[in-house]
Each structure stands twice: as structure tokens, then as C-alpha cells.
DNA sequence: GATTGATACCAGAATAATACCAGTTGTGTC
DNA sequence: GACACAACTGGTATTATTCTGGTATCAATC
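Residue numbers (my numbering), protein chains in the order written: chain E, 4 to 252; chain Z, 4 to 252.
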């Protein structure tokens, strides 16, 4: 997109005065919108901070803050001495399915993770059923604790076929980043939600009392061609977590 | 939402003098209502305390107390030096949530219903909040047991505004049939799902043991013009019921 | 004690303007 | 093409002001 167009688009976004957002937030939201709507194309370069600052009538500090936030979220790529580039991939994998981290952040809390184990191992009976494999076929299992404001909130156990993930060591932070690099990013998911009661091990990991209700989410992720990639079970402390969904007729 | 709109809406809420609620509670309830009805959108920023105090004619202590209470409940996010933000429970848009009867039938079981009560009555505190009515305004409450193959599986409690349903006797089988006849068929719903533990009364009705996990679904149904019609809470026996939904990119 | 008001002060965020440093890109010359 | 230099870029820092939430105090009323 030509600079002229981007800048006037952003100028409109920032000029909106009927709401209480800080200026950097208006610019951030405007940029994010421009990227999502492909007014700012993937791989394109942004006007420089100084140009945006001058053209939008904002201080460079304000412009930088907006850009930094989007870089943090993966929308933009920052390189010292070089113009900022629109990332060629956007984080979202499945529409309407936000990541745990996004979800926790949206509740005003800080997300965190603690790895419990990453191994190649034999599948459990439910993993055999879910992934449709033989009981003697090994898989990669990733188990971690999910935190919100440093409080354990969920135990997540992901089982991934070795076809798509040969080694557990490939995953440092995000499983989906690795799957994407390997052209195995899921396009469809089935989620099953139910309630349960905390087990002694879970009670210890989640630091909650016996009898605490558990919100259990099983997720099966599929490629476009229908092959299953991953089976993940997440067990949330039911006293601390809920799901909100929207439905329209 | 524009500050002007928020402030005049809240001014109306606070001006209600027909009840005994303290001022901070009126403001708190008004804010909660505005958030639930999405007049105050998730992720939006509030006017500052000082602006609200001046515009609503309340002391800042009063405004702060209302906001603090909502922040404590997770509706608002407080950040020192920065305006208060409406928490965004990231809402997932899901397809495939079907009616109870359809769902049970698709599992090869026969759905059934047993009415526990149909009455015009005073609202509970959560119904007051959910429907945005005054505590002295009566509503229609319909309580029934949901069966699968004659086994009790859920307790459903629906509260409907008398604007849309003047009498409980109008409902013989399906609430939605009646609402449709009265041109009040909901077009949109928000559902909140969480886990809990069965109460003694529920254990008796659902014929399940103490400690059984409960899958709780709260549903708020809206007309096309945004007005709320109904607030329903359904408590499912977690050992017998789960939800399966599909999502795609 | 709870509610509510008025006022004062503190700490942090948002924003602006300016200066300087380090890295990249563009341009001109050989 | 290689190289030097200028211009541009992002990165960091400083000073300053204003607005924000956070805390405290005194006071009146129910």
C-alpha cells in the first residue's frame, strides 16, 4: 500500500476522539486493523517512525509504543537501522480460537508456562483412540502447567504424532510455531468440554483443595486434508476459569 | 463507546431512586449492565474517575468503590496511571451448539422434560444483574428437569422478562415456540460455561451422588435490536453430559 | 460501621520535544 | 564490483508536563 494511503488511513483512526483510548492504543489498533484488512500487506515495509510521527502529529515516543506493542504480538518485525516490516504470518491459527496467553491477557492477567515434561513415549489408551494409532506407536508428549499471574490454572497435556513432530526438543515455547515451520499447522479442531473433579496429583499441581471442580477441554486438531495432528487435554481449575462463547442464529 | 453515551447511560442508572441500594451499588450495577449488554465493549477504556465523578455528581470515593468492586469481580482492569479498561473475556464464536433435544437425539437417546415450576416471581440477584431489571420487578421463571432416556441429566432455570412473556401459563412445551409467536425469538446468545460441584438439592433431583461434578451453562439471549429476552442457567450432571464443538480456520 | 463528600498528595502512565548512538541503505566515485 | 560517505533507520536517554489511578485525612449523616 502506498504511504499516502496508509498515513491517511491511520490519521483517521487516530483522530477518533469519542473514545477514551490512549493515543498509542488508537494507532496500535489502527495498524492492527490495517494489517488484518490487508491494507498493509504482509512483507510490506512501514513508513519510518519519524515520518509517522510528523504525518500523524504524534510524538515519536507515542508511535514507537504502538509499534513496539504490535511487534511484541508478532504483527510487525523490527530491525535496527531498517524500516519495520509487516510480518508475513499472523499468529492466529484457528479463527475464534484464541491462545491461552491471549485469553489470560484479556482478563488483565499475566500468562505463564512451566514445562512439566517433554518426551517421546508410548500413548495412553485415550491417546490411542483419539489419534487412531496403534498402542505400540510412539508419540511426542508435552506436558505443562499454565499460569495466570504466577498462579497455576491449568494442566495441559499435548500428544503429537511423530510424523509431524519427530522430536520433543523442537518445541521451546510454542508448539504451533514448530508445526507451522513443518507445514503441519492445524486448520480445524474439535473440542469436547466437560466437567470433572480434581485428582490428588492435579490438586497438588494446581494448588487447590480436594473436591475442586475441573473444567476439562479435549482438543483434536486436523490438517486441511483431514489428517489428525494433535490431541490435547487441558484440565482447568474450575474455580478460576470459565469459557464464554457467542452464538448467533 | 463515546464518553457522552456512557455517561448519560450511567446517569440514568444512578438516578433511579426507587430502591434502597447505596449509590456506589447503583453505579456498579449500571456499569455491570453496560458491560453485559456490550454498551461498554470489551477492551474499551472507561472515562477517568474524576470525569465520572464530575459528570455523575458523585464523589470520587463513591465512583472508586463501584469500580473497585467490578475490578475485583474481573469485569474491569485497573492499571495505575492508566485509564480503567473493560476486561475482554475473549469470546469464542462457535457453530454447532444445538438445542438440548437435538443434542440428546443425536446421541441416540430420547429427550424428555419434567416441569418443576412455572411462576411469576421476584428475581434472584443474579437474574437482576443478568436481565438488567430492578429487584422489585417481577419476571417469569420456568424450572424444569431435562431427561435423556428418562434419566435426569440437567436442571434448567429460565428467567424471562414479562415484556416478552406476560404469563408462565403460555409455555406448555417449548419456550422458544411461544417467544416466536410473540415476535420475541432471540437472534443471538452469549453462553458462559464453567464447572462446579453438585448441591444437595441438585444431587437429589439428578439422582447422583454427593461430589458429582456439574457442568454449568449460563445463557443470555438477545433480540436483533440488542434487548435481552431471557437468562437461563442449566446445570448438567457432569458425569453424563459434555459438549462437542467444531472450529475451523 | 457504612456511606458519602471534599480535599490533598503521591506514584505511575501517557505524551511531547530534543539529543545522541548504532546499524542499514542509498549514492557517488573509482 | 568495491569502497567511502551521507542520509536514513531504529534504539536509547533526558527533561518536562499533564493526566491517571492510589492513598490518606477530615467530616457529616444514617
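C-beta atoms are modelled at their ideal positions from N, C-alpha and C, and glycine is treated no differently.
A quick note: this is a predicted structure, and the numbers were derived from the prediction, not measured.
| Check | Outcome |
| --- | --- |
| If you check the beta carbons only, do residue 112/E and residue 152/E fall under 9 Å apart? | yes |
| For the stretch 188–200 of chain E, which residues have a beta carbon sitting closer than 7 Å to at least one beta carbon of chain Z? | 190, 191, 192, 193, 194, 195, 196, 197, 198, 199 and 200 |
| Please check if any C-beta of chain E sits within less than 9 Å of the C-beta of residue 247/Z. | yes |
| Compute the distance between the beta-carbons of residue 196/Z and residue 23/E, then report whether it is under 9 Å. | no |
| Span of the alpha helix (DSSP H) holding residue 12/Z? | 6–18 |
| Does DSSP put residue 194/Z in a helix, in a strand, or in coil? | strand |
| Is the stretch 226–235 of chain E in contact with the stretch 128–138 of chain E, if contact means three or more CB pairs nearer than 8 Å? | yes |
| Who pairs with residue 103/Z in a beta bridge, going by DSSP? | Looking at the DSSP assignment, residue 103/Z forms no beta bridge with any residue, so it has no partner. |
| Buried or exposed: residue 17/E, going by 16 or more other Cβ atoms within 10 Å of its Cβ? | buried |
| Distance cutoff 9 Å, beta carbons only. Does residue 23/E sit that close to anything in chain Z? | yes |
| From the beta carbon of residue 94/E, is the nearest beta carbon of chain Z less than 9 Å away? | Caution applies to residue 94/E, whose pLDDT of 43 falls short of 50 and renders its modelled position unreliable; the model cannot decide the point. |
| So residue 241/Z contacts chain E; which residues on that side make the cut at Cβ distance below 7 Å? | 197, 198 and 199 |
| Could you please tell me which residues of the stretch 200–225 of chain E, in chain order, have their CB closer than 7 Å to any CB of chain Z? | 200, 214, 216, 217 and 218 |
| Based on DSSP bridge pairs, tell me the residues matched to residue 219/E. | 197/E and 238/E |
| Can you tell me whether DSSP reads residue 65/E as helix, strand or coil? | helix |
| Buried or exposed: residue 240/Z, going by 16 or more other Cβ atoms within 10 Å of its Cβ? | buried |
| Under DSSP, the alpha helix (DSSP H) around residue 121/E begins and ends at which residues? | Looking at the DSSP string, residue 121/E is not in any alpha helix (DSSP H); the run it does join, the beta strand (DSSP E), is 114–124. |
| Going along the chain, which residues of the stretch 104–134 of chain E sit with their C-beta nearer than 8 Å to a C-beta in chain Z? | 105, 106, 109, 110 and 111 |
| Look at the alpha carbon of residue 7/Z and the alpha carbon of residue 90/Z, and state the distance between them as a whole number of angstroms. | 21 Å |
| Only counting the same chain, and skipping five residues up and downstream in sequence, which positions put a Cβ closer than 6 Å to that of residue 199/Z? | 217 and 219 |
| I'd like the list of long-range same chain contacts for residue 155/Z, defined as Cβ closer than 7 Å, with 5 residues on each side in sequence excluded. | 148, 208, 209 and 210 |
| For residue 48/Z, go through chain E and note every residue whose CB falls closer than 9 Å to its CB, in chain order. | 22, 23, 24, 25 and 28 |
| Please state if the CB of residue 128/Z and the CB of residue 141/Z are separated by a distance shorter than 9 Å. | no |
| Please return the same chain residues whose Cβ sits closer than 6 Å to the Cβ of residue 168/Z, not counting the five positions on each side in sequence. | 143 |
| So, residue 121/E versus residue 181/E, is the Cβ gap smaller than 9 Å? | no |
| Can you pull the chain E residues whose beta carbon is under 9 Å from the beta carbon of residue 33/Z, in chain order? | The contacting residues do not exist; residue 33/Z stays about 17 Å from chain E at best. |
| So which residues of chain E does residue 86/Z contact, with C-beta pairs closer than 9 Å? | 23, 24 and 25 |
| Using a C-beta cutoff of 9 Å, does residue 56/Z count as contacting chain E? | no |
| Can you tell me the Cβ-Cβ gap for residue 189/Z and residue 150/Z, rounded? I've got them flagged as a contact below 8 Å. | With a Cβ gap of about 24 Å, residue 189/Z and residue 150/Z do not count as contacting. |
| Put residue 109/Z into one of helix, strand or coil per three-state DSSP. | helix |
| How close, in whole Å, do the beta carbons of residue 146/Z and residue 165/Z come, if the pair is a contact with beta carbons under 8 Å? | No, residue 146/Z and residue 165/Z are not in contact; Cβ-Cβ is about 17 Å, not under 8 Å. |
| Taking CB distances under 9 Å as the criterion, tell me whether residue 179/E reaches chain Z. | no |
| Contact check, residue 238/Z vs residue 205/Z under 8 Å by CB: the rounded distance? | 6 Å |
| Use the C-beta contact count for residue 1/Z: other C-beta atoms within 10 angstroms, 16 or more gives buried, fewer gives exposed. | The question about residue 1/Z has no answer, for chain Z in this structure spans 4 to 252. |
| How big is the Cα-Cα spacing for residue 34/E and residue 52/Z? | 29 Å |
| Ignore the nearest five residues each way along the sequence and tell me which others in residue 96/E's own chain have a CB closer than 7 Å to its CB. | Low per-residue confidence applies at residue 96/E: pLDDT is 40, beneath 50, and the placement is therefore not dependable, though the value from the model is reported in the following sentence. Cβ neighbours of residue 96/E beyond the five flanking positions: 179, 188 and 189. |
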